[in-house]
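S.K.:
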Amino acid sequence: MKALLIAIISMQLVFAPIPKEARAADRAPQVAESAAVFRLIRQEVLKNPAFYYGEADLTADQATENKAIALEGIQEILTKLEDSSYSLDSIREQIARQTVLEEQAQLIELRYIIASMPSETLDQLFHQAMSKGLYGQELRQEYESAYTADEKRNIVFGMAQGDLYETKSLTLKRLGLLDRDALIKELRMSRSLLNTKGRDTWKIVLVVVLAVAAAGFVSWAVVSATQKHYDQKTRRAEEEEQRRENELREEWQNREDQIRATFDERARLRDEGYVWTVCATTQRAKTVACSYDFLTHSGTETCITRCLKNPTTGEERQRETSCTSAFIPSNCTFKNPYQGGLDDGFNQGYNDGFSTGYDRVYREAYNDYYNRGYDNGYISGYDSGYNAGFTDGLNEAEYDDRANDASSGSSSDSSSDSGSSGSGSSGDSGSGSDSDDSWDWGDSGDWDWGDSSDSGSGSSGDDYGDGSWDYKPRPGSRPQTDSAGLGYKAGYREGYAFATMTRVGQ
Numbered sequence: 013m014k015a016l017l018i019a020i021i022s023m024q025l026v027f028a029p030i031p032k033e034a035r036a037a038d039r040a041p042q043v044a045e046s047a048a049v050f051r052l053i054r055q056e057v058l059k060n061p062a063f064y065y066g067e068a069d070l071t072a073d074q075a076t077e078n079k080a081i082a083l084e085g086i087q088e089i090l091t092k093l094e095d096s097s098y099s100l101d102s103i104r105e106q107i108a109r110q111t112v113l114e115e116q117a118q119l120i121e122l123r124y125i126i127a128s129m130p131s132e133t134l135d136q137l138f139h140q141a142m143s144k145g146l147y148g149q150e151l152r153q154e155y156e157s158a159y160t161a162d163e164k165r166n167i168v169f170g171m172a173q174g175d176l177y178e179t180k181s182l183t184l185k186r187l188g189l190l191d192r193d194a195l196i197k198e199l200r201m202s203r204s205l206l207n208t209k210g211r212d213t214w215k216i217v218l219v220v221v222l223a224v225a226a227a228g229f230v231s232w233a234v235v236s237a238t239q240k241h242y243d244q245k246t247r248r249a250e251e252e253e254q255r256r257e258n259e260l261r262e263e264w265q266n267r268e269d270q271i272r273a274t275f276d277e278r279a280r281l282r283d284e285g286y287v288w289t290v291c292a293t294t295q296r297a298k299t300v301a302c303s304y305d306f307l308t309h310s311g312t313e314t315c316i317t318r319c320l321k322n323p324t325t326g327e328e329r330q331r332e333t334s335c336t337s338a339f340i341p342s343n344c345t346f347k348n349p350y351q352g353g354l355d356d357g358f359n360q361g362y363n364d365g366f367s368t369g370y371d372r373v374y375r376e377a378y379n380d381y382y383n384r385g386y387d388n389g390y391i392s393g394y395d396s397g398y399n400a401g402f403t404d405g406l407n408e409a410e411y412d413d414r415a416n417d418a419s420s421g422s423s424s425d426s427s428s429d430s431g432s433s434g435s436g437s438s439g440d441s442g443s444g445s446d447s448d449d450s451w452d453w454g455d456s457g458d459w460d461w462g463d464s465s466d467s468g469s470g471s472s473g474d475d476y477g478d479g480s481w482d483y484k485p486r487p488g489s490r491p492q493t494d495s496a497g498l499g500y501k502a503g504y505r506e507g508y509a510f511a512t513m514t515r516v517g518q
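Heads up, the sequence shown is in our numbering, so the first residue is 13 and it goes up one at a time.
#1: Which whole-angstrom value describes the C-beta separation of I347 and S310, a residue pair presumed to lie in contact below a C-beta threshold of 8 Å?
#2: To the nearest angstrom, report how far apart E313 and T289 are at their CA atoms.
#3: According to the Cβ coordinates, are L122 and F169 closer than 8 Å?
#4: Express the C-alpha separation of L100 and R192 in angstroms, rounding to a whole number.
#5: Can you check whether the CB of C315 is closer than 8 Å to the CB of C344?
#6: Counting C-beta neighbours from all protein chains within 10 Å, is the total for V57 16 or more, i.e. buried, or is it exposed?
#7: Per DSSP, which one or two residues make a beta bridge with S367?
#8: Would DSSP call R200 helix, strand or coil?
#9: Contact check, K298 vs S337 under 8 Å by CB: the rounded distance?
#10: Among G285, K92, F339, which has the Cα closest to the Cα of R296?
#11: Assign Q118 to one of two classes, buried (16 or more other C-beta atoms within 10 Å of its C-beta) or exposed (fewer than that).
#12: Distance, Cα to Cα, A273 vs E251?
#13: Pull the bridge partners of H309 from the DSSP assignment, please.
#14: Give the secondary structure of T133 by DSSP, where H, G and I count as helix, E and B as strand, and everything else as coil.
#15: So which of E263, G326, G148, C291 has the shortest CA-CA distance to E332?
#16: Of all the options S202, Q116, L320, which has the alpha carbon lying nearest to the alpha carbon of R278?
#17: Alpha carbon to alpha carbon, how far is F275 from V300?
#18: For E332, which beta-bridge partners are listed by DSSP?
#19: Quick check: what's the CA-CA separation for K144 versus V49?
#20: In this structure, what does DSSP give as the bridge partners for T293?
#21: In terms of DSSP beta bridges, what is W288 paired with?
#22: At the level of alpha carbons, what is the spacing between Y504 and Y362?
#23: Please tell me whether I103 and I86 are closer than 8 Å, where the distance is taken between their beta carbons.
#24: Measuring CA to CA, which of Y147, K164, N359 is closest to E154?
#25: Measure the beta-carbon distance from G401 to A502 and round it to whole angstroms, keeping in mind my assumption that it falls under 8 Å.
#26: Can you tell me whether Y504 is helix, strand or coil according to DSSP?
#27: Does DSSP put I53 in a helix, a strand or coil?
#28: Roughly how many angstroms lie between the CA atoms of L281 and E328, to the nearest whole one?
#29: For G174, tell me which candidate among S157, E115, L354, D269 has the shortest Cα-Cα distance.
#30: The alpha helix (DSSP H) spanning G170 covers which residue range?
#31: Applying the 10 Å Cβ sphere with the 16-neighbour rule, what's the burial state of K180?
#32: Using the C-alpha atoms, what's the distance from R248 back to G285?
#33: In angstroms with no decimal places, state the Cα-to-Cα distance between R261 and E253.
#34: What do you get for D446, buried or exposed, if any count of 16 or more other CB atoms within 10 angstroms of its CB means buried?
#35: The alpha helix (DSSP H) spanning Q149 covers which residue range?
#36: If you draw a straight line from the alpha carbon of Q360 to that of G353, how long is it in whole angstroms?
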């Protein structure tokens, strides 16, 4: 009997249905699946590197330097991991802190890349990302309804920012699960990936960053060294600026020294008896075209050379030559008044016309989109408010006991009420007026809507006959305004009336 039972259990285990593998939709999204914008940006930059980066960033020396920075960062962490005197928590904290800093630096890099991307490339990248990545379909509607290219760039940048945030989040989660040996192994794998033959993409740091991030390594922040790269570029820029400032100071000092030496030499020569005089006079033919009158003038130009001359020896020093001509008008190089006025007027008219046309088109487009959005929002708000008001009015209507009396048709109650002053159909006598379509807060923190100028004797807020009453939702309800408030008011009245009529009918 025991052997038979064992055989039956064995057969059940053999022929038991094998559970199906979880569908892709039921699994948590991986970075490689969701970060489509990362992959597409990396491909685009690799395809056209010179379009997004300058020559100085694409040299072999710069690539070698970038790689050295990354390998140095990996080696620094490896050295600490292999030394047991460094606690694992402190190393994790260092990597996490560097990850947060790298995220900020890489967002700057991504924004620069997306801002430099042509509109056609941006459209292609977005549609490919939507087909390959895990993004909400509402992004497609926002992108297609975007009016300017900047709005589209902001949407794509938001997608890239989400990818980077997800990568950082998964990195920090994996970082907390890896022990010392696992971290050492992963860093060594990252180093091997960087040293793979044929990988010359170190010319562009961002490309390597995205490649390592897509591989799922927690060392993507250590490898990228974007912050170090920017710090290094900042330091170089500061050094270059300091060098230029020093060169300008040196050049200015040299010119100042030359001028001082010239004046000192002139003072010495004057002390020795040298005097300023005309040392030579020459004439030569010259032709010049004047922009003022659009004419060509020809004549003789006279050049006079002045110098410091020793009257005794005839020696000449400090020669200086200047030329002038009587046939060249003094306003020769001035702009023609007519042409100048025409150009200035054209430029001003063009600018004013462009601004006016641009403003008009922008205003028309803005008004069009604003009106569409306002109409959609108004209708949506009214519907939402109506539904909420109807539900509250249906659930929270306060019934007057006289409604039951009215439904029972008791004549004795009617006769006993006939002595009351006024002609009210359901209750209280007196006169009063309700403010027109306004709400106010009650003493208990409630709020109520007034009605449309109900005044006179015998009508109160509880008159179910004409549908005009004041209602007070439960404490804590928030007043709604605009279309939502109007919808709420209408819905509340309908719900209140429906509940009241149902009660009367019962």
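Positions of the beta carbon are idealized from the N, C-alpha and C atoms, including for glycine.
M.R.: Concretely, from the data shown:
#1: As a first step, residue 347 is located in the sequence shown; it is residue number 335 there, counting from the start. As a first step, residue 310 is located in the sequence shown; it is residue number 298 there, counting from the start. According to the sequence provided, residue 347 is Lys. The question's Ile does not apply to it. Rounded, the Cβ-Cβ distance is 22 Å, inconsistent with contact.
#2: Working through the sequence shown from its first residue, we reach residue 313 at position 301. Working through the sequence shown from its first residue, we reach residue 289 at position 277. Looking at the two C-alpha atoms, the distance is approximately 20 Å.
#3: As a working note, residue 122 is residue 110 in the sequence shown. As a working note, residue 169 is residue 157 in the sequence shown. Yes, these two residues count as a Cβ contact at 8 Å.
#4: Start at 1 with the first residue of the sequence shown, and residue 192 comes out as number 180. Start at 1 with the first residue of the sequence shown, and residue 100 comes out as number 88. So the two alpha carbons sit approximately 7 Å from each other.
#5: In the sequence shown, the residue the question calls residue 344 occupies position 332. In the sequence shown, the residue the question calls residue 315 occupies position 303. No.
#6: Indexing the sequence shown from 1 puts residue 57 at position 45. Classification for V57: buried.
#7: Start at 1 with the first residue of the sequence shown, and residue 367 comes out as number 355. In DSSP, S367 forms no bridge with anything.
#8: Within the sequence shown, numbered from 1, the residue matching residue 200 stands at position 188. Of the three classes helix, strand and coil, the one that applies to R200 here is helix, per DSSP.
#9: Taking the first residue of the sequence shown as 1, we reach residue 298 at position 286. Taking the first residue of the sequence shown as 1, we reach residue 337 at position 325. The Cβ separation is near 6 Å, so the contact holds.
#10: If you number the sequence shown from 1, residue 296 lands on position 284. Selected option, being the one with the closest Cα: F339.
#11: For this step, residue 118 is matched to residue 106 along the sequence shown. Buried, since its Cβ has 16 or more Cβ neighbours within 10 Å.
#12: Looking up residue 273 in the sequence shown gives position 261. Looking up residue 251 in the sequence shown gives position 239. Each residue's alpha carbon lies about 32 Å from the other.
#13: Here the question's residue 309 lines up with position 297 in the sequence shown. According to DSSP, which records beta bridges pairwise, H309 is partnered with V300.
#14: Here residue 133 corresponds to residue number 121 of the sequence shown, with the count starting at 1. Reduced to three states, the DSSP call for T133 is helix.
#15: As a working mapping, residue 332 is identified with position 320 in the sequence shown. Looking at the Cα atoms, C291 is the closest of the given residues.
#16: As a working mapping, residue 278 is identified with position 266 in the sequence shown. Among S202, Q116, L320, the Cα nearest to that of R278 is on L320.
#17: For the purposes of this step, residue 275 is taken as the residue at position 263 of the sequence shown. For the purposes of this step, residue 300 is taken as the residue at position 288 of the sequence shown. Roughly 35 Å separates the two Cα atoms.
#18: Walking along the sequence shown from the start, residue 332 turns up at place 320. The partner list for E332 (beta bridge, DSSP) reads R318.
#19: To locate residue 144, count along the sequence shown from 1; it is residue 132. To locate residue 49, count along the sequence shown from 1; it is residue 37. Computed Cα separation, rounded: 9 Å.
#20: What you label residue 293 is simply residue 281 of the sequence shown in a count that begins at 1. I316.
#21: Counting from one through the sequence shown, the residue named residue 288 turns up at place 276. Looking at the DSSP assignment, W288 forms a beta bridge with L320.
#22: For the purposes of this step, residue 504 is taken as residue 492 along the sequence shown, with counting starting at 1. For the purposes of this step, residue 362 is taken as residue 350 along the sequence shown, with counting starting at 1. For Y504 and Y362, the distance between alpha carbons rounds to 58 Å.
#23: By one-based count along the sequence shown, residue 103 stands at place 91. By one-based count along the sequence shown, residue 86 stands at place 74. Their beta carbons are not under 8 Å apart, which means I103 does not touch I86 by this criterion.
#24: Residue 154 sits at position 142 when you count from the first residue of the sequence shown. The candidate whose alpha carbon is nearest that of E154 is K164.
#25: In the sequence shown, the residue the question calls residue 401 occupies position 389. In the sequence shown, the residue the question calls residue 502 occupies position 490. That pair is a contact at about 7 Å.
#26: Within the sequence shown, the letter at position 492 stands for residue 504. Reduced to three states, the DSSP call for Y504 is helix.
#27: Within the sequence shown, the letter at position 41 stands for residue 53. Residue state, collapsed to three classes: helix.
#28: Position 269 of the sequence shown holds residue 281. Position 316 of the sequence shown holds residue 328. The straight-line gap from Cα to Cα measures roughly 10 Å.
#29: For this step, residue 174 is matched to residue 162 along the sequence shown. Nearest C-alpha to G174: E115.
#30: By 1-based counting over the sequence shown, the position of residue 170 is 158. Note, G170: alpha helix (DSSP H), 161–189.
#31: Here residue 180 is taken as the residue at index 168 of the sequence shown, counted from 1. Label assigned to K180: buried.
#32: Position 273 of the sequence shown holds residue 285. Position 236 of the sequence shown holds residue 248. When rounded, the distance between both Cα atoms is 55 Å.
#33: Within the sequence shown, numbered from 1, the residue matching residue 261 stands at position 249. Within the sequence shown, numbered from 1, the residue matching residue 253 stands at position 241. Distance between the alpha carbons of R261 and E253 is about 12 Å.
#34: Within the sequence shown, the letter at position 434 stands for residue 446. Low local confidence applies: a pLDDT of 42 at D446 is under 50, so the model's placement there is unreliable, and no value is given.
#35: Within the sequence shown, numbered from 1, the residue matching residue 149 stands at position 137. First-last for Q149: undefined, no H or E at that position.
#36: Here residue 360 refers to the residue found at position 348 when the sequence shown is read from its first residue. Here residue 353 refers to the residue found at position 341 when the sequence shown is read from its first residue. In a straight line, the C-alpha of Q360 is about 10 Å away from that of G353.
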